[in-house]
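Peer 1: My structure is below; once you've seen it, I'll send some questions.
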Ligand code: BLA
């Protein structure tokens, strides 16, 4: 009759039920990234006609080896977007979100990239429109896609400050819009993350609607190779691999990475990881297991407020 439900102010993951003579606390997941994916798809459906991707049939939702971890998978496409896919992983102690959008090679729109990792109280976040072409060399590309939208980065810069040193190689896949941050869980931060995610997504979706088909075969080839290089990098070196291997085992993790998450790595090109990243070649000719050759770099944000790379 006198049941009191409260959440502690420090940790929104703990819910306490107390009656006159008993107190029970338990942990609930404060974040559910499934809603993030659903909201993005809802926004998409308002603007374009989505079709299911054939990948959705092959990869339905799964349970991890522990019997407790759920992997929720979504894959869609529409005429310009080769693949829009989402993976949400959750159990009692951890939530992971990996949401990406890849264009057909006829379009040079950046790659949508949201990677959120939440465990206990810690969050690791990457949210970006990853450039297809290196922005320091391709200033036209930078001006076309990034110059006029730096305000969306500034809007969240204070609440989500730079997350500190990261794998040096990753920087060249990021744009000056990137939100790279770490924070401890709070309802406020998660709400802000949700708005940032949807806002970045809407900007990206608008880009995909506006983009014109590239007619120049050499440019289409360049787009295809750039996307292939990106997929090759992530299919080999993404920081989530260890966790996926633990949850699914070596073979299933590899299939998920190459056929689902970074689909296209085996179809869009024939160059190998070593062709693109020769610094990873070992003396035996194999790919080094090291995540990074450069090491952790970039203590502070390497772009100025206008989005110029300052290294
Ligand atoms: C950590 N994830 C990280 C880090 C980055 C990213 C930069 C910090 C560690 C580092 O410096 O490498 C994300 N890195 C990216 C992204 C790109 C990149 C998006 O180069 C794009 C080009 N993360 C996931 C998934 C899982 C995951 C699916 O995206 C788990 C299944 C886990 N990310 C994860 C974990 C860490 C992490 C466990 C902390 C461990 C670590 O620091 O290596």
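Residue numbers (the numbering used here): 894 to 1204.
Positions of the beta carbon are idealized from the N, C-alpha and C atoms, including for glycine.
1. At the level of alpha carbons, what is the spacing between residue 1119 and residue 1071?
2. Between 1184, 1128, 1030, which lies nearest to residue 1148 when the distance is taken from Cα to Cα?
3. Helix or strand or just coil, what does DSSP make of residue 1120?
4. At 4 residues or longer, and completely inside the segment 1009–1079: list those alpha helix (DSSP H) runs for me, N to C.
5. What is the rounded straight-line gap between the Cα of residue 939 and the Cα of residue 1150?
6. If you measure from the CB of residue 1137, is any heavy atom of ligand 3 nearer than 6 angstroms?
7. For residue 1026, which option in 1057, 991, 1064 has the closest C-alpha, if you only look at C-alpha atoms?
8. Could you tell me the alpha carbon to alpha carbon distance between residue 953 and residue 929, rounded to whole angstroms?
9. Closest to residue 1084 by CA distance: which of 1073, 1049, 1030 is it?
10. Alpha carbon to alpha carbon, how far is residue 1158 from residue 1117?
11. Any idea what DSSP makes of residue 922, helix, strand or coil?
12. Are residue 1156 and residue 976 close, meaning C-beta to C-beta below 7 angstroms?
13. Give the range of the beta strand (DSSP E) segment to which residue 1205 is assigned.
14. Taking the beta strand (DSSP E) that residue 992 falls in, what are its first and last residues?
15. Per DSSP, residue 1167 forms a beta bridge with which residues?
16. Going by the C-beta, is residue 1020 closer than 6 angstroms to any heavy atom of ligand 1?
17. Count Cβ pairs between the segment 1014–1033 and the segment 1066–1080 that sit closer than 8 angstroms; are there 3 or more?
18. Please classify residue 1121 as buried or exposed, where buried requires at least 16 other C-beta atoms within 10 Å of its C-beta.
19. How far does the beta strand (DSSP E) with residue 976 in it extend, from its first residue to its last?
20. Assuming the contact rule is C-beta atoms closer than 8 angstroms, residue 978 and residue 967 should be a hit. Round their C-beta distance to whole Å, please.
21. Between residue 1160 and residue 1000, how many whole angstroms is the CB-CB distance? I'm expecting something under 8 angstroms.
22. Would you kindly work out how many angstroms separate the C-alpha atoms of residue 1031 and residue 1176, rounded to a whole number?
23. Over what stretch of residues does the alpha helix (DSSP H) that includes residue 1151 continue unbroken?
Peer 2: Checking against the coordinates, here is how it stands:
1. Along the chain shown, one-based indexing puts residue 1119 at 226. Along the chain shown, one-based indexing puts residue 1071 at 178. Taking the straight line joining both Cα atoms gives about 19 angstroms.
2. Position 255 of the chain shown, counting from 1, holds the residue named residue 1148. Of the listed residues, the one whose Cα sits closest to residue 1148 is 1128.
3. The residue given as residue 1120 occupies position 227 in the chain shown. Correct three-state label for residue 1120: helix.
4. 1032–1038, 1043–1050
5. By 1-based counting over the chain shown, the position of residue 939 is 46. By 1-based counting over the chain shown, the position of residue 1150 is 257. If I take the Cα positions, the gap works out to 30 angstroms.
6. With respect to ligand 3, the structure shown offers nothing to examine, as its ligands consist of ligand 1.
7. Here residue 1026 is taken as the residue at index 133 of the chain shown, counted from 1. The option with the nearest alpha carbon to residue 1026 is 1064.
8. Along the chain shown, one-based indexing puts residue 953 at 60. Along the chain shown, one-based indexing puts residue 929 at 36. Approximately 18 angstroms between the Cα atoms of the pair.
9. Reading the chain shown from its first residue, position 191 is the one you call residue 1084. Ranking the options by Cα distance to residue 1084, first place goes to 1049.
10. Taking the first residue of the chain shown as 1, we reach residue 1158 at position 265. Taking the first residue of the chain shown as 1, we reach residue 1117 at position 224. C-alpha separation (whole angstroms): 11 angstroms.
11. Locating residue 922 in the chain shown gives position 29, where the first residue counts as 1. Any answer about residue 922 is weak, because its pLDDT of 48 lies below 50 and its placement is not dependable; what the coordinates show is given next. Coil.
12. On the chain shown, residue 1156 is found 263 positions in, with the first residue counted as 1. On the chain shown, residue 976 is found 83 positions in, with the first residue counted as 1. The answer is yes: Cβ separation under 7 angstroms.
13. Nothing can be reported for residue 1205: it is not among the residues displayed for the chain, which extend from 894 to 1204.
14. Numbered from 1 along the chain shown, position 99 holds the residue referred to as residue 992. Residues 987–996.
15. Indexing the chain shown from 1 puts residue 1167 at position 274. None, per the DSSP bridge assignment.
16. Residue mapping note: residue 1020 aligns to position 127 of the chain shown, counting from 1. Residue 1020: no, Cβ never under 6 angstroms from ligand 1.
17. yes
18. Locating residue 1121 in the chain shown gives position 228, counting from the first residue. The residue is buried, with at least 16 neighbouring Cβ atoms inside 10 Å.
19. For this step, residue 976 is matched to residue 83 along the chain shown. Per DSSP, residue 976 belongs to the beta strand (DSSP E) from 974–983.
20. Counting from 1 along the chain shown, the entry for residue 978 is found at position 85. Counting from 1 along the chain shown, the entry for residue 967 is found at position 74. Confirmed, about 7 angstroms.
21. Position 267 of the chain shown, counted from the first residue, corresponds to residue 1160. Position 107 of the chain shown, counted from the first residue, corresponds to residue 1000. That pair is no contact at about 17 angstroms.
22. Here residue 1031 refers to the residue found at position 138 when the chain shown is read from its first residue. Here residue 1176 refers to the residue found at position 283 when the chain shown is read from its first residue. Each residue's Cα considered, the two are about 34 angstroms apart.
23. Looking up residue 1151 in the chain shown gives position 258. Segment: none, residue 1151 is in no alpha helix (DSSP H) and carries neither H nor E.
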